[in-house]
Amino acid sequence: MAVRQCSEASIEAGESLAGTAVESVDRWLLLEVTEPWAPKALQTQAFPETVRLQLGRWLEAPRTRLQLIRRPGRSGRRPLFMMLSTAGDRPQTTKLELGGYEELVGLELDTLSAAPSEPICLVCVHGRRDRCCGVLGGQVFRALQSQSVDTWQTSHLGGHRFAACALWLPDGLMYGRLRAEHVGAWVAARRSGAVGELDLFRGRCAYDRPTQAAEILLRKRLGLQEADAIEWLGTAATSESSWEARFRVGSKAQVVPLRLQRTGANRPASCGGEPEAIASFVEG
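Dropping the structure here:
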């Protein structure tokens, strides 16, 4: 009897993607590693202990996340290290070509020169974390290669059950349940400045999860596609499981009350896991 994949179980349970992205991150550290990735990025055997400690120190800074990246055909080349600072109106990217991972030790990130960011797409293919990511992510990555997008395979982006998962930088927009047939329309939307299919949009990674969900709920309410059409003003908790998010759209303020609600359905968080109850953000 075939084992049901976690991504299939999540779809069958009707689990919403809204508010499921990596949260509160606006500094992304991208490190090219062509050697095998460990299930947890910092445990990758290619890293000497000094490098592992350096990466760990950087990750102690707030709003910072590490992603391992790779691209077929680059094995044996000097690895790239990129830092994307996505806060503010002018995202910046630092790019270094390394002679070895040891060159990271002692680097002061805030002193490195940077240039305006260009779009980068990361697709999770981290099969050692979850087989759905390896299979579905690989299919989407291959489809993106024909779209002339600067695309990299990446390590775990969170939410195995939402595979295939992708991150569009420097906007910091995360997507899930992408399939190869979605890629053409999705890339066209992103290039035009639109968010794309809202049912595939997990959220904006600079926000916390209630705010991510509130933005998506507001976009659905108003039919908004332009990525920069909404300005976030603030989010306040009104109880342990409810919030009120405030936005500005044009000259008009918009308020989104929302709560976390159990749906009554269950699904495993990852392949091989035990079923867990689903709680999704709903407006009201």
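The working numbering puts the sequence shown at residues 1 to 284.
For each residue, glycine too, the CB sits at the ideal point set by N, CA and C.
Proximity of residue i and residue j at Cβ, strictly below 8 Å
i: Cys-6; j: His-160; result: yes
i: Gly-223; j: Ala-213; result: no
i: Arg-262; j: Ala-279; result: yes
i: Glu-244; j: Ala-236; result: yes
i: Ser-16; j: Phe-281; result: yes
i: Ile-69; j: Leu-42; result: no
i: Leu-198; j: Arg-221; result: no
For residue i, the three-state DSSP class (helix, strand or coil)
i: Pro-210; result: helix
i: Ser-7; result: helix
i: Thr-111; result: helix
i: Gln-43; result: helix
i: Leu-217; result: helix
i: Ala-38; result: coil
i: Met-83; result: strand
i: Gln-225; result: coil
i: Arg-161; result: helix
i: Ala-194; result: strand
i: Glu-103; result: helix
i: Glu-32; result: strand
i: Met-1; result: Confidence at Met-1 is low in this model, with a pLDDT of 33, below 50, so the placement of that residue should be treated as unreliable; the coordinate-derived value is given next. Met-1: coil per DSSP, three-state reduction.
Cβ distance (whole Å) where residue i is taken to contact residue j below 8 Å
i: Gly-176; j: Thr-20; result: 7 Å
i: Cys-121; j: Trp-168; result: 6 Å
i: Gln-67; j: Thr-151; result: Gln-67 to Thr-151, Cβ: 13 Å. No contact.
i: Ala-163; j: Cys-133; result: 5 Å
i: Leu-217; j: Ala-18; result: 7 Å
i: Leu-98; j: Pro-119; result: Not a contact, Cβ separation roughly 23 Å.
i: Arg-65; j: Leu-29; result: 7 Å
i: Glu-103; j: Pro-48; result: Contact flag wrong, Cβ pair sits at about 11 Å.
i: Ser-113; j: Thr-93; result: Between Thr-93 and Ser-113 the Cβ distance is about 10 Å, and since that is not below 8 Å, they are no contact.
i: Val-140; j: Ala-180; result: 6 Å
Pick from the options that is closest to residue i, judged by C-alpha positions
i: Leu-59; options: Val-25, Ala-164 and Gly-99; result: Val-25
i: Met-82; options: Arg-52, Ala-115, Gly-56 and Leu-53; result: Ala-115
i: Gly-193; options: Leu-112, Ser-146 and Pro-170; result: Pro-170
i: Tyr-207; options: Leu-173, Arg-221, Ala-188 and Ser-239; result: Leu-173
i: Thr-34; options: Ser-75, Leu-233 and Asp-89; result: Ser-75
i: Glu-10; options: Leu-107, Ala-277 and Glu-226; result: The displayed chain sequence assigns Ser, not Glu, to residue 10. Among Leu-107, Ala-277 and Glu-226, the Cα nearest to that of Ser-10 is on Ala-277.
i: Ser-251; options: Leu-260, Asp-89 and Ala-229; result: Ala-229
i: Gly-56; options: Asp-89, Arg-70, Gly-106 and Gly-73; result: Gly-106
i: Asp-226; options: Leu-200, Arg-209 and Gly-196; result: The residue asked about is misnamed: residue 226 is Glu in this sequence, not Asp. The shortest C-alpha separation from Glu-226 is found at Gly-196.
i: Gly-88; options: Thr-50, Leu-144, Thr-44 and Arg-27; result: Arg-27
i: Gln-147; options: Val-135, Trp-186 and Gly-234; result: Trp-186
Residue span of the alpha helix (DSSP H) that contains residue i, given as start and end
i: Arg-52; result: 49-59
i: Leu-136; result: 131-144
i: Trp-186; result: 183-191
Boundaries (first-last residue) of the beta strand (DSSP E) holding residue i
i: Trp-287; result: With the chain covering only 1 through 284, there is no way to say anything about residue 287.
i: Val-152; result: Per the sequence presented here, residue 152 reads as Trp, with Val not at that position. It spans 151-154 - the beta strand (DSSP E) in which Trp-152 sits, taken as one unbroken run.
i: Pro-282; result: The residue asked about is misnamed: residue 282 is Val in this sequence, not Pro. Start and end: 275-283.
i: Trp-168; result: 166-169
i: Gln-254; result: 252-268
i: Glu-231; result: 230-239
i: Leu-96; result: 92-97
i: Gln-67; result: 64-70
i: Arg-202; result: 201-204
i: Leu-123; result: A small correction: the amino acid at residue 123 is Val; Leu does not occupy that position in the sequence shown. Here the beta strand (DSSP E) through Val-123 covers 120-124.
i: Leu-178; result: Counting along the chain, Leu-178 falls outside any beta strand (DSSP E), and DSSP gives it neither H nor E.
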